[in-house]
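Working notes for the structure below.
Chains as they are written, first to last, in the working numbering: chain A, 124 to 233; chain V, 124 to 233.
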């Protein structure tokens with residue numbers, strides 16, 4: 124399924140998560156198109172398990188993508204179009220961002 | 124600092140993250156007040172390292188809180204006021220949610 128659902132249907136832990144927190148600039152040039160392309164390509168990468176993404180009206184966003192291995196994350200990180208997206212993101216689209224690579228150990232029993 | 128900043132200033136990994144993804148109901152009764160209280164109390168818990176939180180206009184939200192240990196997460200999970208917030212959240216404020224407990228292993232070199 125090539126759409127971001129509110130809550131990703133992930134398997135039982137353990138698996139991996141990449142938490143990407145960002146603040147957008149006012150520069151929207153090419154952003155939506157690239158964002159759509161990243162969803163389209165990213166969702167078809169080997170080891171991709173799902174993603175969740177929210178951005179508020181102030182331009183603060185959190186995207187979490189889930190993966191079955193660190194190798195799958197590394198592979199996606201180095202995809203040529205994703206490298207281009209990362210470059211443009213740093214240059215134009217994001218004021219600031221952080222990327223954290225995590226191992227999901229368990230579901231919270233909330 | 125008792126406010127949520129866009130991008131949390133966390134130490135070098137490893138540390139822990141709780142990813143809480145949720146979809147709000149239309150029922151706003153008491154939600155903002157409790158949310159403010161959770162920030163106020165949560166930020167003063169032992170082992171708390173920071174938090175990031177975004178909700179969009181469709182009511183989809185992602186909150187990530189960072190902790191120095193699983194024990195700190197467990198402790199906060201069982202705080203009496205937080206237990207009450209969890210109960211009300213399930214009953215009234217959230218259509219659906221997922222909580223994932225993760226170990227942040229490294230920063231992404233994006």
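No residue lacks a Cβ here, since even glycine has one placed at the ideal position from N, Cα and C. In this text the structure is predicted, and so the values were computed from the model without any measurement.
Worksheet item: If you pair each beta-carbon of the stretch 218-231 of chain A with each one of the stretch 143-154 of chain A, do three or more pairs fall below 8 Å?
Response: Yes, the stretch 218-231 of chain A touches the stretch 143-154 of chain A.
Discussion item. Is the separation between the beta-carbon of residue 86/V and that of residue 170/V shorter than 9 Å?
Written reply: This structure leaves residue 86/V out entirely; chain V is present only between 124 and 233.
Worksheet item: So which residues on chain A does residue 179/V lean against when the C-beta distance must stay under 7 Å?
Response: Within chain A, the residues near residue 179/V are 177, 178 and 179.
Discussion item. Please give the ranges of any alpha helix (DSSP H) in the stretch 146-219 of chain A, keeping only runs that are unbroken, at least 4 residues long and fully inside the region.
Written reply: Qualifying alpha helix (DSSP H) stretches, in chain order: 154-165, 193-200 and 203-211.
Worksheet item: When you compare only the Cα positions, how much space is there between residue 128/A and residue 168/V?
Response: If you take the alpha carbons of residue 128/A and residue 168/V, they lie about 32 Å apart.
Worksheet entry | Residues that residue 130/V bridges to, as DSSP identifies them | According to DSSP, residue 130/V bridges with nothing at all.
Discussion item. Taking CB distances under 9 Å as the criterion, tell me whether residue 203/V reaches chain A.
Written reply: No, its Cβ sits nowhere closer than 9 Å to a Cβ of chain A.
Worksheet entry | Interface positions of the stretch 137-151 of chain A facing chain V (Cβ-Cβ less than 7 Å), listed along the chain | Within the stretch 137-151 of chain A, the residues whose Cβ lies closer than 7 Å to some Cβ of chain V are 140, 141, 142, 144 and 146, listed in chain order.
Worksheet item: Exposed or buried, what is residue 227/V when buried is set at 16 or more other beta-carbons lying within 10 Å of its beta-carbon?
Response: Buried, since its Cβ has 16 or more Cβ neighbours within 10 Å.
Discussion item. Taking a contact to mean a Cβ-Cβ separation below 9 Å, would you say residue 176/V touches residue 184/V in this structure?
Written reply: Yes; because the gap between Cβ atoms is below 9 Å, this pair is in contact.
Worksheet item: CB-CB under 6 Å to residue 178/V, same chain, minus the five flanking residues each way: which ones, in chain order?
Response: Cβ neighbours of residue 178/V beyond the five flanking positions: 184.
Worksheet item: In or out: residue 229/A buried (at least 16 other Cβ within 10 Å) or exposed?
Response: Classification for residue 229/A: exposed.
Discussion item. Determine whether the beta carbon atoms of residue 204/V and residue 160/V lie at a separation below 9 Å.
Written reply: In this structure, residue 160/V lies closer than 9 Å to residue 204/V by Cβ.
Discussion item. Let me see if you follow: with CB-CB separation under 9 Å, is residue 162/V close to chain A or not?
Written reply: At a cut-off of 9 Å between C-beta atoms, residue 162/V does not count as an interface residue with respect to chain A.
Worksheet item: Cβ of residue 203/A within 8 Å of any heavy atom in the ligand PLP?
Response: The ligand PLP is not among the ligands present in this structure, which contains no ligands whatsoever.
Item to complete: Answer with yes or no whether the minimum CB distance from residue 255/V to chain A is below 9 Å.
Response: For residue 255/V there is no data in the structure shown, the boundaries of chain V being 124 and 233.
Fill in: Validate contact between the stretch 147-154 of chain A and the stretch 197-217 of chain A using beta carbons, cut 8 Å, 3 pairs
Taking a cut-off of 8 Å for Cβ pairs, the stretch 147-154 of chain A and the stretch 197-217 of chain A touch, as three or more such pairs fall below it.
Worksheet entry | Short Cβ contact (9 Å threshold) for residue 174/A with residue 158/A | No, these two residues do not count as a Cβ contact at 9 Å.
Worksheet item: What do you reckon, are the CB atoms on residue 190/V and residue 206/V nearer than 9 Å?
Response: With respect to the 9 Å criterion, residue 190/V and residue 206/V are not classified as neighbours on the basis of their beta carbons.
Worksheet item: Got a sec: is the Cβ-Cβ distance from residue 172/A to anything in chain V below 9 Å?
Response: Interface with chain V (9 Å Cβ-Cβ cutoff): residue 172/A is excluded.
Worksheet entry | Inter-residue Cα distance where the pair is residue 147/A and residue 182/A | Taking the straight line joining both Cα atoms gives about 5 Å.
Worksheet item: According to DSSP, is residue 228/V helix, strand or coil?
Response: Taken through DSSP and simplified to helix, strand or coil, residue 228/V comes out as strand.
Fill in: Any chain V beta carbon closer than 9 Å to residue 155/A
Put simply, the CB of residue 155/A is far from chain V, with every gap to its CB atoms at 9 Å or more.
Discussion item. Spatial neighbours of residue 208/V within its chain, please: C-beta separation below 6 Å, excluding the five flanking residues on both sides.
Written reply: Excluding residues up to 5 positions away in sequence, 157 and 161 lie with their Cβ nearer than 6 Å to the Cβ of residue 208/V in the same chain.
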